[in-house]
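Colleague:
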Amino acid sequence: MWEAFLVVAGYAAVSLLAGWGYFRHYRVNKPAFGVVGLPDVAIMLTFITLVPYLYLTLPLWAVAGLLGVGVLSTTYLALQPLLRGRWAAALLCLGLVGADVALAVGQGVTGTAFLLVNDTILVLVVVGATNLWAQSGMKARDAAILGGALTVYDTIATWQLPVTTKLLHRLLQLPLFPLFAWPIHRGTIPDIGSAGAVPQLLSVGLGDIVIATVFALTMRKAFGRPAGLVAVAVALATVAGALSLLSSGLVTTAIPVMTFLGPLMIVQYAYWRRTYHRERTTWQYLQAEPQPRQA
Amino acid sequence: MLETAFANLRFGASMLFGVPFHLQSLDRIVKGMQATIEELGALGDEANALLGGPALDEETRYDIQGRRFRSQALRAARETAYYPEVLDKAGIDPAKLTYKDIARVPVTAKDTLRDNPEAFVRRAAKIATRVTTTGTTGWPTSVYFSEYELHVIGAFAAFAFMTERTVDPDDIVQIAITTRATLGMLTVTRGCTAAGAAVHPAGMLSPDHTLRLLTEKHHLPGKKPKVSALASYPTYFGQLVERGLELGYGPSDFGLEKVLTGGELLSDGVRHRSEQLFGQLSFLQNYALTELTPMTGNLCPDGHLHFEPSAGIAEVLDPESHQPVAPGEPGVLVGTVLPPYRDTTILLRYNTEDMVRALSGPFTCNLRNLPATSHLLGKLRLSARHDHGWTFTRDVLEALEAVQAVPLPARYGFWAVPGGVAVEARVRSATAQTRRALEAQLASRCVPLQELRLVEDPAELHRPVPLRCDLQETASHRSVGHLPAAAPAPVGARTAEAGAGLEAARST
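So the protein lines, in turn, are chains A and B. For the first sequence, numbering that gives the first Met the number 0 gives the first residue as 0, with consecutive numbering after it. For the second sequence, numbering that gives the first Met the number 0 gives the first residue as 0, with consecutive numbering after it.
(1) Interface residues of chain B around W282(A) at Cβ under 9 angstroms?
(2) Return the first residue and the last residue of the alpha helix (DSSP H) that S246(A) is part of.
(3) For a quick check, are the C-beta atoms of G136(A) and L39(B) less than 8 angstroms apart?
(4) Is R211(B) buried or exposed, if buried means 16 or more other CB atoms sit within 10 Å of its CB?
(5) Using a C-beta cutoff of 8 angstroms, does Y268(A) count as contacting chain B?
(6) Does the distance from the C-beta atom of V355(B) to that of L332(B) stay below 8 angstroms?
(7) So which residues of chain A does A72(B) contact, with C-beta pairs closer than 8 angstroms?
(8) Three-state secondary structure (DSSP) at F68(B)?
(9) Where does V333(B) fall in DSSP's three states?
(10) Quick one: measure Cβ to Cβ for S202(A) and A180(A), integer angstroms, because I've assumed they're closer than 8 angstroms.
(11) Could you check whether A241(A) and V256(A) sit closer than 8 angstroms to each other, using their CB atoms as the reference points?
(12) Under DSSP, the beta strand (DSSP E) around D353(B) begins and ends at which residues?
(13) With a threshold of 8 angstroms between beta carbons, is P303(A) in contact with chain B?
(14) Determine whether the beta carbon atoms of I345(B) and F119(B) lie at a separation below 8 angstroms.
(15) Against chain B, which members of the region 25-52 of chain A pass a CB distance test of less than 8 angstroms?
(16) Within 8 angstroms of any Cβ in chain B, is that where the Cβ of S72(A) sits?
(17) With a threshold of 8 angstroms between beta carbons, is T165(B) in contact with chain A?
(18) Taking only three categories from DSSP, how would you classify V104(B)?
(19) Tell me the residue span of the beta strand (DSSP E) that contains N297(B).
(20) Given this structure, state the Cα-to-Cα distance separating R189(B) from L78(A), to the nearest angstrom.
(21) Does any residue of chain A have a CB that is nearer than 8 angstroms to the CB of L1(B)?
(22) Report buried or exposed for S14(A), applying the criterion of at least 16 other Cβ atoms within 10 angstroms of its Cβ.
(23) Secondary structure at W138(B), three-state DSSP: helix, strand or coil?
(24) Just checking: is the beta-carbon of A4(B) within a distance shorter than 8 angstroms of some beta-carbon in chain C?
(25) To which residues does DSSP link S13(B) through a beta bridge?
(26) I want to see whether chain B comes within less than 8 angstroms of A287(A), judged by CB atoms only; does it?
(27) In the DSSP assignment, what are the bridge partners of E314(B)?
(28) Count the C-beta pairs between the region 152-168 of chain A and the region 111-127 of chain A that are closer than 8 angstroms, then say yes if the count reaches three, no if not.
(29) Would you decide whether H218(B) is buried or exposed? Buried here means 16 or more other CB atoms lie within 10 Å of its CB.
(30) Return the Cβ separation of L22(B) and F10(B) in integer angstroms, given the expectation that the two are a contact with Cβ distance under 8 angstroms.
(31) Within a Cβ cutoff of 8 angstroms, which residues of the same chain sit near A17(A), ignoring the five residues on either side of it in sequence?
(32) In or out: D39(A) buried (at least 16 other Cβ within 10 Å) or exposed?
(33) Residues of chain A with a CB under 9 angstroms from the CB of D44(B): which are they?
(34) Please confirm whether L470(B) and A75(B) have their CB atoms less than 8 angstroms apart.
(35) Classify I174(B) as helix, strand or coil using the three-state DSSP reduction.
(36) Using beta carbons (cut-off 8 angstroms, strictly below), is G136(A) in contact with chain B?
Here's what the structure looks like:
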């Protein structure tokens, strides 16, 4: 039970901290102009709301394809500055995705080898996606608004509607599923792809970690290191809290993390905004805290 | 960001396929660039490439330009009064034109456009504005533009100023060109405001007035304390230098950092001599002609004029035969603006009468992927063809303005005589030393000097080259009395009375 908690919470922490470290040391290859703003947040929210229905409607191979494209592009984005070469980054991405698919086919999506590789890939996805948004000028205000809106969405989609549960069951048949997960070694759940059963998984959604990480990065940029660290700590505490309730068996239904994290993001933003009166721009942040190394 | 990305895709479609620009997409791109500069401090390195499109190999360029020229020629044949007869006489079916056939299309003379500008206006055009040239070399030429074209011109000016960092958000820009230069005012104003700078379209007032404006201290939030960028014609800038030194100004009186020039030739002499008054300045030059706007020539660090192939076709032709000249040889610049940049006044192979030298690549500068010519040599009408070849305005101007004895701007004339050229020039004092200095400079520029006439009064010049600085505008005499106090003159310097600096505007 605690093994699952430690692995999943550990991966969540690694994602947050990797995103943080990457933000300080590397520049992603982003478009020459264009800034992430509220219209983009609105588009993201629309996407987040509609994609589950799309995934539930499309055939599995199409869903797998979409997941593959998303994972490949974000991991490539994250790796390219690290490896200083397009081909090296591309080969590593393809290798990781290939390994993920091969292990899913060979061992099944609840095998530990598959989950290790999948969780590692998701760390890169978090790093790539969050740094693209944060380095493209996303404001902490917009990240807080996104978090607040997702509070409403996550609560309804998880507790009021069956869509999240159905989506999870569907995605758990595929490689590259967007969950940091580990077998909980307690009971089984029906294997949707067969007549048998598979170990139950303790998991936290990729999306929750992405939102938590991008909020921490934008808070760092906007209000400085203390604000960013508080955001990291609050996010980790919230995720760990939810995971401990699930892993201990005290709660057996899905917990929408954003229901709790979203309001905490808004409170944090309001506090730091009141303290500093305005957010720094990315340029002001880099002037005040120059990057130790440019990619 | 996503909106900007979609706008960029739409923009790319126009660049690639020649479909009309989507104006809201252009505005979206400008806003995206502004937001990027505000948030991130600067645009990404690839901004220029993103807007200019990929580097084209010669074959692809010919194909794209050929198709666009055909499209423009079809419009000209079907919708203008001038071109149907011209194309018919030349035996050209515009629907079948390829790039290779462009050379068969007769060159459109400057005089033809000047004498009947409305014959070049498309019948389906939605005309918004009539723009005239300054007319320094003759009666002004009129060109008509639509609102669409003006919007595109403004947007491209904004792109250029932001990608090239012509000005920065903390700059204060003073525009000291004639206010009748509609497109010049539009492009500089739009470009500077898009880049976040503060703009003062002051016009071309008396040098005394302009100098005082340049020394004014400002207390504007986020802006430099004095005017930091000046948009000006080279001759007017020369007047400022000359007058400023007379009045005893020095570098510490000004905050000027950069000068945006165009419309005339800028000599090295003016650049060097301006350091005495303003200190170190950076000069930004480009080539723009009302008739060919928004097709412009961008000056690279190697001194080439590069032309964006999707905007237009630039050719260098022999002034008489209108045949292409060999690399290194001088010729007139002939330009055709292609769709979707122009849709009102259609000009096919328009003879600018600006002389340049043809160049062949490969180039090694930062604009190496764009076709190029040499820097401008001068107007054809003002050039002298003689037994030894050509002498251009630039040859004479560079020689004259390198000599301190020639007041700025140089007032001069030159023409062909047997064996070479005769040159006349205004100097401070027609001494033997001045004469020797000028002869040496002219010789260093390979000018085959046969006669040199020096005058101290510019009114004594026989055939002076017209200068844009003579297009000055008036300010009321009363306003001069309210100007801030002039810089104190050092002992021995001549000073001007407050009202004496005003001159009546003269336009040719």
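Quick reminder that beta carbons are idealized off the backbone N, C-alpha and C, glycines included.
Modeller: Reading from the atomic positions:
(1) I36, E37, E38, L39, G40 and A41
(2) R224 to S246
(3) yes
(4) buried
(5) no
(6) yes
(7) Under the 8 angstroms cutoff, chain A gives no residues; its nearest Cβ is about 35 angstroms from A72(B).
(8) helix
(9) strand
(10) 4 angstroms
(11) yes
(12) Y349 to R356
(13) No answer is possible for residue 303(A): it lies beyond the span of chain A, which begins at 0 and ends at 294.
(14) yes
(15) K29, P30, A31, F32, G33, V34, V35, G36, P38, D39 and I42
(16) no
(17) no
(18) coil
(19) T295 to L298
(20) 40 angstroms
(21) yes
(22) buried
(23) coil
(24) Of the chains in the structure shown, none is chain C; the protein chains are A and B.
(25) Bridge partners of S13(B): none, in fact.
(26) no
(27) V333(B)
(28) no
(29) exposed
(30) Between F10(B) and L22(B) the Cβ distance is about 11 angstroms, and since that is not below 8 angstroms, they are no contact.
(31) V122, V125 and V126
(32) buried
(33) A31
(34) no
(35) strand
(36) yes
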